[in-house]
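See below for the structure under consideration.
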Amino acid sequence: MALLSKKDRGLIMDPLADNNPITIQVLGICSALAITAQLKASIVMAVSVLFVLSVGNVVISLMRNIIPSKIRIIVQLVVVAALVIIVDQVLKAFAYELSKTLSVFV
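If you're matching positions, the sequence shown starts at -2 in the working numbering and goes up one per residue.
Written out as structure tokens, the structure is:
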């Protein structure tokens, strides 16, 4: 005799495995995982993401009282896009082959 019926098990397990939005979002980065099969590319991508997130967070935090609420998301997108372009240009200048590998994400 099973501890839970099939219906009850489905009610418990479906949100954890099959209908989990976080699992679906994590699967969205699979293209990033496929490109970064080499350790060097993975490390550069991780450092680049950390740089963009950290600096972007600081810049947006410093500007949060200046930015009108109606255009806040637009300004955040512009800041992040500018930082990504800066990272890409630095990679093109100092690690061109690596930049070509990661250029899919720019």
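Every residue, glycine too, gets a C-beta built ideally from N, C-alpha and C.
In this structure, the alpha-carbon of Lys89 lies about 13 Å from that of Ser45. Taking C-alpha positions only, Asn17 is separated from Val77 by approximately 28 Å.
With distances taken between CA atoms, Leu80 lies nearest to Val56 out of Ile19, Val56, Leu0 and Ile21. Rounded to whole angstroms, the gap between the alpha carbons of Asp85 and Gln35 is 18 Å. Between Ala38 and Leu0, the CB-CB gap reaches or exceeds 8 Å. Collapsing the DSSP output to three states places Val72 in a helix. Our two residues, Val87 and Pro65, have alpha carbons roughly 31 Å apart in a direct line.
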